[in-house]
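Residue numbers (our numbering), protein chains in the order written: chain C, 4 to 225; chain S, 4 to 225; chain P, 120 to 342; chain W, 120 to 342. Quick reminder that beta carbons are idealized off the backbone N, C-alpha and C, glycines included.
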Amino acid sequence: MPEYIENKEIIAQRIARFFKTGDVVNLGIGLPTLVGNYIPKEVTVILQSENGLIGLGPEPAPGGEDKDLTNAGGKAVTILPGGCFFDSATSFGIIRGGHVDYTVLGVLEVDQEGNLANYKIPGKMVPGMGGAMDLVAGSRHVIAATTHFEKSGASKLKRRCSLPLTAAHEVDYVVTDLGFFVVSGHSFILKEVFAPWTAEWIIAHTEADVELAEDILLWEPA
Amino acid sequence: MPEYIENKEIIAQRIARFFKTGDVVNLGIGLPTLVGNYIPKEVTVILQSENGLIGLGPEPAPGGEDKDLTNAGGKAVTILPGGCFFDSATSFGIIRGGHVDYTVLGVLEVDQEGNLANYKIPGKMVPGMGGAMDLVAGSRHVIAATTHFEKSGASKLKRRCSLPLTAAHEVDYVVTDLGFFVVSGHSFILKEVFAPWTAEWIIAHTEADVELAEDILLWEPA
Amino acid sequence: MIAKPVISAREAAALIQPGSVVHIGGFLGCGSPDAIIAALCEAHIGELTIVCNDTAIYDPKTGRTTGLAPLILNHLVRKVITSHIGTNAETQKLMSSGEIEVELVPQGTLAERIRAAGFGLGGILTPTGAGTEVEQGKHVFEVNSRKYLLELPLPGDVAIIKAKKGDRAGNLVYAKTARNFNPIMAPACSLVIAEVEELVEIGTIDPDHVHTPSIFVDYLVTA
Amino acid sequence: MIAKPVISAREAAALIQPGSVVHIGGFLGCGSPDAIIAALCEAHIGELTIVCNDTAIYDPKTGRTTGLAPLILNHLVRKVITSHIGTNAETQKLMSSGEIEVELVPQGTLAERIRAAGFGLGGILTPTGAGTEVEQGKHVFEVNSRKYLLELPLPGDVAIIKAKKGDRAGNLVYAKTARNFNPIMAPACSLVIAEVEELVEIGTIDPDHVHTPSIFVDYLVTA
C-alpha cells in the first residue's frame, strides 16, 4: 500500500456521482462544497442553501458580489435562472419536510448505527449545530463526507460515536477517501474500494465493523 | 315601551365606536359587515379578511369586480393602498397570534361565561366553523354582534349556551339592538342602554343574569 | 432548473387514482383549479377524500357552482376534511344521507395541519377549539396557563392547485386572495399539479416574488 | 393605511430597555439591522438576551465584524439563544468565562419556535434533535412511529429587523438571502423596529410582493 495522504477531492468526486437530474441537494460548508465542482455536465441538480434559496449558482466573478446574496457559510454566491428565495421557516420546512433528496455534510465522527457527530467537542469547541441537525433529520438521504482518518490517525468511522450526536440513526452513506460505505444499522457495508486501496487494508484501518458488500466494486477515479 | 322591532343598524353603529385609528379589525359575514358603514371618518381602522388580506376596501364599482379578489364570504371586494395579501397559514397566524385587535361576529347563542355558539345546530344546520373558532380564540377582543332576540322571541343572551360552542370563555363584549354588555365571566354587565329602551325592560327580557354597570349610560343613536 | 411537463387537464385527471386523498386549493372557488376539477368530473374519478377550505358554492335555485362544488354534485367524494360546507347545500344533503363523511376542522387549524404535513412537523399546539367539540379525542396541553390542542399533520396523495403565473420550472405566483390554501398544499402532497393562467419562461419571475418554489410542483396545466 | 413613525437609529436604540429579549434578523450578518446595532452599542444598552440565527462574524486577526457581533464585543449580551456561534470567537470566549449564557437551538427549530410565538401556537413537534442532547428536558411524542420533540414558542420584547424596502405603513420587502429570519421575528415581538434601505410611499409596493405586512411593524429606520 502507498502511504496514506488525505484526499478530499476524491471524496467530492465520488459523491457527485450519487445524483440524478432533478435531485434537490444541500452541500454543507467545507469539504461538501467541493462536490459541486464534480457534478457531471449532463446531470442537473438543484442546490438548496439553508439560509434561504434554491438554485444556488457558482461564485460571482470578482466585483460581482451582492451583499444580499450569500450561502450558509456567509460567502457571496449567485442564483441560477429559475431559482428563488424564501425565509428561514420555509427553508427548514423544505428540509424537515423531506423535500431535500440528499444532504452532504462533514463529520467529526460517524458510527455504524448511523449516528453522526459534527457540532461540538465538549470543553474544546462549541460552534453549534446551525442547520445540521435539521438537515440530517429531515433529508431523504444523508451522505457523510469525510477523510477516513483524524489528524491523530484514528479512524473517523466508529463503532459508537463518543461526541454529542448531531442526529441518531440518520446517516445512509459514508464516503471517505478510501471507499464508499452504506450504513446497515449495525455495521458499515463497504460497497466501493477506491484504487489504490484494498478492502483488507481498509478493514484493518477502520475502528468500526466493516462488512463487504456482495457486489463490492473497485473504483478508479479519473 | 314601544313594540320591539329588530334593528341591526343600531348594533353596527354602536360597534363602530369601539375602534381607534390603527386597530386591526375582522368583521364577520352578515350583520358584522354592516359595521364598516359606520366607522367615523376620523378613525382609520385596518380591516383584515381571513381569506388572506389586510386593508380591505369598499365594494368595487359595478363591472370592477376582480375574480381573484374576494372577501371571506366570496364577495368581490377591493384592497386599499398599503394593503397586502398572504396565504391562509399566515392569515390565521395573524389571527391566532393576537394581531387582530377586534373580531366582530354574529352568534346563535352567547352566554354569561363568555361562551359563544354560532357554527352549528345539530341535526338541523351544520355549515361548519370556517375561521370563526380561530377568530374567537385568537383575537384580542371579541365582540358578539346580535339582535337581542331569536325569531321565537327568546333572548340570545343565555345563562349557558345549549348549542355546540365555537369557543369557551372568549367573548368580551356583546352588542345587541337593546344595549352594550361586558362579559364578566358570571354575568352580563349592562354598560349602555340604547334609547328608547330601559335597563329594567332589558333585564326582564333577557334569560341570562344581567347586572348594571356602576357607570351605566343611556345612548341615543344618531 | 428543470422544466416540468406541461399537460392537459384531462391528462392531469388521469394521474389521479380513485380513492386518493386530494388537496384542492381555493376559497369559495376563488383560486380553485377549475379546469382540473372539470376534467376529474369528466373522467369520473371517484371515492375521493378531499381536503379543502370549503366545498365552494352551489346554488340549487340557479344551478350555479364555483370551485370544487361539481365534485360533490357528481358524487365523486367519499369524505371531506374542511372548515365550511355552508355555501354548498348538496354537501350537507349527502352528509345527512350518509354518502359523504364530513370532518369539520377550524380554518386556521386546517392550514397548520396542512403546513405541518408539508414541512415535516409531527403536529402543532393550537388554542383554537379548546373547550369545544373539536377538543374531543385530542391531547390537551397547558402552556403558560393556556389550554392547547395537539393537532396532527394532514398529508395528501395529490394536490391540485391554481396559480396566476407559473414558469416552466414550476415556480408559482398567486394573485391576491386567490392565494389562500394553494401554497401550503403543494409541500403536503406526493404529487402536485398546478393549473396556471399564464405560463412563462424560466428566469422571468423575480426570485424574490416566487410564492411556491419550483421543487414542489410536478406538473403544469395551462388554463 | 396608517403611516408609522420614521425615526433615527439612535432613537430606535432609546426605545430598547436594558435587559430586554431582542430578536435580531440576519444570517452571518447578511440582512442584519446594522445601523440599529451600531446605535445600541453607542447607547450601551446592555444585559440583553438576544435571539438570532448566529452571533455573526468576528475575525480577531483583522478586527472585522458583521451583523450583531459588535453587541458581543461590547459586552452588552447576557444570554444568546442561537443556532451557531462558530464564526465569532468572542462569543465562545465569553461563554467559557461565564459572562454569556448560550442556548444552542437547531436552526429549523429556532425558526419554528419564533414563528410559533408570533402565530399563536403553543408549540410544535419536530423530529430534529431526537436522540441528541437537544432532547434533554423535553416532552417526546411518537407520531406515526417517529419520535418528535415538543418545542415551545420563543417570543421577544423587541425585534430589530432589516428590509430592502419599506413603505411608510411598514410593509416590508426583503432582498434575496437577506430575508432569512427577519419576516418571522416581526410577529413574535411586542415592539418591532425595521431598518430599511429604501423608504417608499404607501401604495407603491405591489400587495402580492409584500413579505411582512405593515401591521407587524411599529417603527421604521432608514439606513
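CA nearest to the CA of residue i, picked from the options
{"i": "K11 of chain C", "options": "C:I124, C:G188, C:G182", "result": "C:G182"}
{"i": "L229 of chain P", "options": "S:I124, S:A135, S:G101", "result": "S:A135"}
{"i": "N40 of chain S", "options": "S:P61, S:V27, S:T24", "result": "S:P61"}
{"i": "K70 of chain S", "options": "P:I169, P:C160, P:I204, P:D153", "result": "P:D153"}
{"i": "E161 of chain P", "options": "P:K212, P:A128, P:I204", "result": "P:A128"}
{"i": "L215 of chain S", "options": "S:W222, S:A120, S:F184, S:E223", "result": "S:F184"}
{"i": "K123 of chain P", "options": "P:V315, P:K198, P:I156, P:D327", "result": "P:V315"}
{"i": "A307 of chain W", "options": "S:I97, S:T36, S:S52, S:F22", "result": "S:I97"}
{"i": "T168 of chain W", "options": "W:R287, W:E218, W:T323", "result": "W:E218"}
{"i": "S158 of chain C", "options": "C:I206, C:M128, C:V129, C:L138", "result": "C:I206"}
{"i": "T184 of chain P", "options": "P:A305, P:A157, P:E166", "result": "P:A157"}
Same chain only: Cβ atoms within 8 Å of residue i, ignoring 5 sequence neighbours per side
{"i": "E254 of chain W", "result": "G248, L268"}
{"i": "K161 of chain C", "result": "E112, V113, D114, Q115, E210, A211"}
{"i": "Q226 of chain W", "result": "N172, S202, H203"}
Inter-residue Cα distance where the pair is residue i and residue j
{"i": "R20 of chain C", "j": "E203 of chain C", "result": "25 Å"}
{"i": "V311 of chain P", "j": "L72 of chain C", "result": "29 Å"}
{"i": "V125 of chain P", "j": "A131 of chain P", "result": "10 Å"}
{"i": "G66 of chain S", "j": "G86 of chain C", "result": "38 Å"}
{"i": "H399 of chain W", "j": "N290 of chain W", "result": "In the structure displayed, chain W extends from 120 to 342; residue 399 of chain W sits before or after that span and is not available."}
{"i": "E68 of chain S", "j": "V80 of chain S", "result": "7 Å"}
{"i": "G109 of chain C", "j": "P63 of chain S", "result": "58 Å"}
{"i": "V186 of chain C", "j": "I32 of chain C", "result": "23 Å"}
{"i": "F89 of chain C", "j": "G77 of chain C", "result": "16 Å"}
{"i": "K44 of chain S", "j": "L34 of chain S", "result": "20 Å"}
{"i": "Y176 of chain S", "j": "V329 of chain P", "result": "41 Å"}
{"i": "V174 of chain S", "j": "I143 of chain W", "result": "35 Å"}
{"i": "K194 of chain C", "j": "T150 of chain C", "result": "17 Å"}
{"i": "V170 of chain P", "j": "Y7 of chain S", "result": "45 Å"}
{"i": "G237 of chain P", "j": "D104 of chain C", "result": "15 Å"}
{"i": "H144 of chain C", "j": "G100 of chain C", "result": "13 Å"}
{"i": "S94 of chain S", "j": "Y122 of chain S", "result": "20 Å"}
{"i": "I192 of chain S", "j": "V213 of chain S", "result": "6 Å"}
{"i": "G141 of chain S", "j": "P125 of chain C", "result": "43 Å"}
{"i": "G205 of chain W", "j": "V277 of chain W", "result": "25 Å"}
{"i": "F22 of chain C", "j": "Q51 of chain C", "result": "14 Å"}
Supposed close pair residue i, residue j - CB separation, criterion 8 Å
{"i": "L168 of chain S", "j": "T251 of chain P", "result": "5 Å"}
{"i": "N172 of chain P", "j": "T201 of chain P", "result": "7 Å"}
{"i": "T296 of chain W", "j": "N54 of chain C", "result": "5 Å"}
{"i": "T24 of chain C", "j": "I121 of chain P", "result": "6 Å"}
{"i": "L240 of chain P", "j": "P274 of chain P", "result": "11 Å between Cβ atoms; not a contact."}
{"i": "V340 of chain P", "j": "I155 of chain P", "result": "6 Å"}
{"i": "I303 of chain W", "j": "I233 of chain W", "result": "5 Å"}
{"i": "L223 of chain W", "j": "G131 of chain C", "result": "5 Å"}
{"i": "D286 of chain W", "j": "I324 of chain W", "result": "5 Å"}
As assigned by DSSP and simplified to three states, the class of residue i
{"i": "S158 of chain S", "result": "strand"}
{"i": "N54 of chain S", "result": "coil"}
{"i": "L111 of chain S", "result": "coil"}
{"i": "N29 of chain C", "result": "strand"}
{"i": "T245 of chain W", "result": "strand"}
{"i": "F22 of chain C", "result": "coil"}
{"i": "M132 of chain C", "result": "coil"}
{"i": "K11 of chain S", "result": "helix"}
{"i": "D173 of chain W", "result": "strand"}
{"i": "P84 of chain S", "result": "strand"}
{"i": "T228 of chain W", "result": "helix"}
{"i": "A64 of chain S", "result": "coil"}
Same chain, Cβ closer than 7 Å to residue i, five either side skipped, listed in chain order
{"i": "E243 of chain W", "result": "Checking the sequence shown, residue 243 of chain W turns out to be Ile, not Glu. The residues are E231, A235, E270."}
{"i": "V178 of chain S", "result": "I14, R17, I18, I146, A148"}
{"i": "I164 of chain W", "result": "A132, I135, P137, L195"}
{"i": "A208 of chain P", "result": "Y177, P179"}
Contacting residues, own chain, Cβ-Cβ under 6 Å from residue i (five flanking each side not counted)
{"i": "N118 of chain S", "result": "C164, L168, A171"}
{"i": "G186 of chain P", "result": "G145, G148, S151, A175"}
{"i": "I49 of chain S", "result": "V27, I57"}
{"i": "E317 of chain W", "result": "K284"}
{"i": "N193 of chain W", "result": "C160"}
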